[in-house]
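Residue numbering for the sequence shown follows the numbering used here, beginning at 977 and increasing consecutively.
Below: the structure, in structure tokens.
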Amino acid sequence: MAVAVRVEGLVKDYGKLRALSGISFEIPEGELFALLGPNGAGKTTTIRILTGLTRPTAGRAFFFERDIFSSPLYAKRLAGLVPQATNLDLELTVWENLLIHGLLFGMDRRSIQMRARELLEFSGLWDRRNHKVKTLSGGMRRRLLIIRALMHEPRILFLDEPTVGLDPHIRRRLWGLIKQIQTRGTTILLTTHYIEEAEFLADRVAFLDRGRIVALDTPQNLMTHLGEAAVDVVTPEGLKTKFFPNREEAEREAMKLSRAGETVTIRRVNLEDAFLHFTGRKV
Ligand SMILES: Nc1ncnc2c1ncn2[C@@H]1O[C@H](COP(=O)(O)OP(=O)(O)OP(=O)(O)O)[C@@H](O)[C@H]1O
Ligand SMILES: [Mg+2]
């Protein structure tokens, strides 16, 4: 299996602030890899470095084993970027936004037409192609942002918080779209601070906290590290959670605690538990 993205010891300083403290990871071709972390963890910084928008202070990065800092044009051609802040041209139509992106990437008119049509149909935006972007809903704009990044057929897609601020219904629709893009063979690096998004979409998740990767594994392995069942106990300082290898042991402990007058709930271990465990912080 080819390694689509290899990152080695990336450091990024903004003046005195160290935004990334030497992170390393690899993404095999075809994988959906999520960087999960709270505000300011360094998610956007990582994506900006990998898409050539800023230079790292130290470290190396490769797409399919080729150094992206010494071959910036090669890297640009291979990568598609969905930025955190929507940067569509609001006064232009959906179609025109795709056309301009295609022209910037040196595509010929015929390829642009074919590709734009395919992507508009794929994303359910074909009927809106002649509407100005300013008339689209937030969810439609996000879909357009994603297909615009796919115009030049990138092999690696970077999605920076693709569903932030959207309602749960629209979010699920985008999850479907993102999964389909992966199924077509695109390698995806996604950032999010929604735990359930990483849990649902990602083959592997890296927990990023204050510029460091504190854990990296499949969502399943990150969770089973703690156990299978959790018991939440209400205390004056907030919820205290205990973890158990199986439901039976959790039930035994819950029984004991409630007999002692405590308020308890039993539930499955989730990815948030794992994140809290590895970082000691909430996302
Ligand atoms: N251009 C910049 N100049 C100075 N500091 C910056 C710059 N960009 C980011 N930072 C700082 O680097 C750190 C990491 O920022 P980054 O945007 O990568 O975080 P993030 O994980 O994407 O957060 P969020 O979830 O809020 O998008 C933060 O402390 C931020 O203030
Ligand atoms: Mg960000």
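Glycine is no exception: its CB is placed at the ideal position from the N, C-alpha and C atoms.
Quiz prompt | Contacts around Leu-968, its chain only, beta-carbon distance under 7 Å, and the 5 residues preceding and following it disregarded | solution = One cannot answer for residue 968 here, as it falls past the ends of the chain, which runs 977 to 1259.
Practice problem: Please classify Leu-1165: is it buried, with 16 or more other beta-carbons within 10 angstroms of its beta-carbon, or exposed? | Solution: By the 10 Å Cβ count, Leu-1165 comes out buried.
Self-check item: Residue environment, His-1077, which counts as buried when at least 16 other CB atoms sit within 10 Å
Solution: Buried, by the Cβ-count rule.
Exercise. Between the Cα of Arg-1160 and those of Leu-1095, Arg-1180, Phe-1183, spot the shortest distance and give me the residue it belongs to.
Key: Closest option to Arg-1160, Cα to Cα, is Leu-1095.
Quiz item: Is the distance from the Cβ of Ala-952 to the Cβ of Val-1181 below 7 Å?
Solution: What the structure shows of the chain is the stretch from 977 to 1259, and residue 952 is not part of that stretch, so it cannot be assessed.
Quiz item: Is Glu-1137 near Thr-1168, with beta carbons less than 7 Å apart?
Solution: Against a cut-off of 7 Å, the Cβ pair of Thr-1168 and Glu-1137 comes out as a contact.
Exercise. Please find out if some non-hydrogen atom of ligand 1 comes closer than 6 Å to the beta-carbon of Gly-1056.
Key: Taking 6 Å as the cut-off, the C-beta of Gly-1056 does not count as close to any heavy atom of ligand 1.
Exercise. Might you give, ordered along the chain, the residues of its own chain that have their beta carbon closer than 7 Å to the beta carbon of Lys-1052, omitting 5 neighbours on each side?
Key: Counting only residues of its own chain and dropping the five nearest sequence neighbours on each side, Lys-1052 has a CB closer than 7 Å to the CB of Gly-1028.
Quiz item: Going along the chain, which unbroken runs of the alpha helix (DSSP H) with 4 or more residues stay wholly within the segment 1174–1229?
Solution: Entirely contained in the segment 1174–1229, the alpha helix (DSSP H) runs reaching 4 residues are, in chain order, 1195–1200.
Quiz item: First and last residue of the beta strand (DSSP E) that includes Asp-1143?
Solution: Run containing Asp-1143: none; DSSP gives neither H nor E here.
Quiz item: Nearest to Thr-1139 by alpha carbon, out of Leu-1133, Ile-1123, Lys-1110, Glu-1173?
Solution: If we check each option's Cα against that of Thr-1139, Glu-1173 comes out closest.
Practice problem: Check whether the segment 1038–1046 touches the segment 1117–1125, counting contact only when three or more Cβ pairs, one atom from each stretch, lie closer than 8 Å. | Solution: As far as the Cβ criterion goes, the segment 1038–1046 does not touch the segment 1117–1125, which means the pair count is below three.
Quiz item: Who sits around ligand 2, taking every residue whose Cβ is closer than 7 Å to one of its heavy atoms?
Solution: Here the list is Lys-1019, Thr-1020, Gln-1060, Asp-1136, Glu-1137, Thr-1167.
Quiz prompt | Helix, strand or coil at Thr-1286 [DSSP, three-state] | solution = The question about residue 1286 has no answer here: the residues shown for the chain are numbered 977 through 1259.
Quiz prompt | Neighbour-count burial assignment, Glu-1175, 16 or more Cβ in a 10 Å radius | solution = In the assembly as shown, Glu-1175 is a buried residue. Its beta-carbon has 16 or more other beta-carbons within 10 Å.
Quiz item: Which runs of the alpha helix (DSSP H) fall wholly inside the segment 977–1013 and span at least 4 residues, in chain order?
Solution: DSSP runs (the alpha helix (DSSP H)) wholly in the segment 977–1013: none.
Quiz item: DSSP beta-bridge partners for Ile-1242?
Solution: Residue pairing of Ile-1242 in beta bridges, as defined by DSSP: Val-1207.
Exercise. Name the residue from Gly-1035, Val-1210, Ile-1157, Asp-1208 whose alpha carbon lies nearest to the alpha carbon of Ser-1099.
Key: Checked all of Gly-1035, Val-1210, Ile-1157, Asp-1208; the closest Cα to Ser-1099 is Ile-1157.
Quiz prompt | Which of helix, strand or coil DSSP assigns to Thr-1139 | solution = In the three-state scheme derived from DSSP, where H, G and I count as helix and E and B as strand, Thr-1139 is classed as coil.
Quiz prompt | Assigned exposure category for Gly-1152 - 16 Cβ within 10 Å defines buried | solution = Residue burial annotation: Gly-1152 is exposed, with fewer than 16 other C-beta atoms found within 10 angstroms of its C-beta.
Exercise. Leaving aside the five residues before and after Pro-1221 along the sequence, list all residues of the same chain whose C-beta is less than 7 Å from its C-beta, in chain order.
Key: If the five residues before and after Pro-1221 are omitted, its C-beta is found closer than 7 Å to the C-beta atoms of Gly-1203, Glu-1204, all from its own chain and listed in chain order.
Quiz item: So is the beta-carbon of Ala-1017 under 6 Å away from any non-hydrogen atom of ligand 1?
Solution: For ligand 1, at least one heavy atom lies less than 6 Å from the Cβ of Ala-1017.
Self-check item: Nearest-angstrom Cα separation, counted from Lys-1232 out to Leu-1238
Solution: Looking at the sequence provided, one finds Glu at residue 1238 rather than Leu. Distance between the alpha carbons of Glu-1238 and Lys-1232 is about 9 Å.
Quiz prompt | Terminal residues of the beta strand (DSSP E) in which Ile-1164 lies | solution = From DSSP, the beta strand (DSSP E) with Ile-1164 extends over 1163–1168.
Quiz item: Contact check, Thr-1033 vs Arg-1024 under 8 Å by CB: the rounded distance?
Solution: For Thr-1033 against Arg-1024, the beta-carbon gap comes to about 13 Å, at or over 8 Å, which does not count as contact.
Quiz item: Is the segment 1209–1229 close to the segment 1143–1150, with three or more CB pairs under 8 Å?
Solution: No, because fewer than three Cβ pairs between the segment 1209–1229 and the segment 1143–1150 fall closer than 8 Å, the two stretches do not touch.
Practice problem: May I ask you to check if the CB of Tyr-1050 is nearer than 6 Å to at least one heavy atom of ligand 1? | Solution: Checking the Cβ of Tyr-1050 against ligand 1 gives no.
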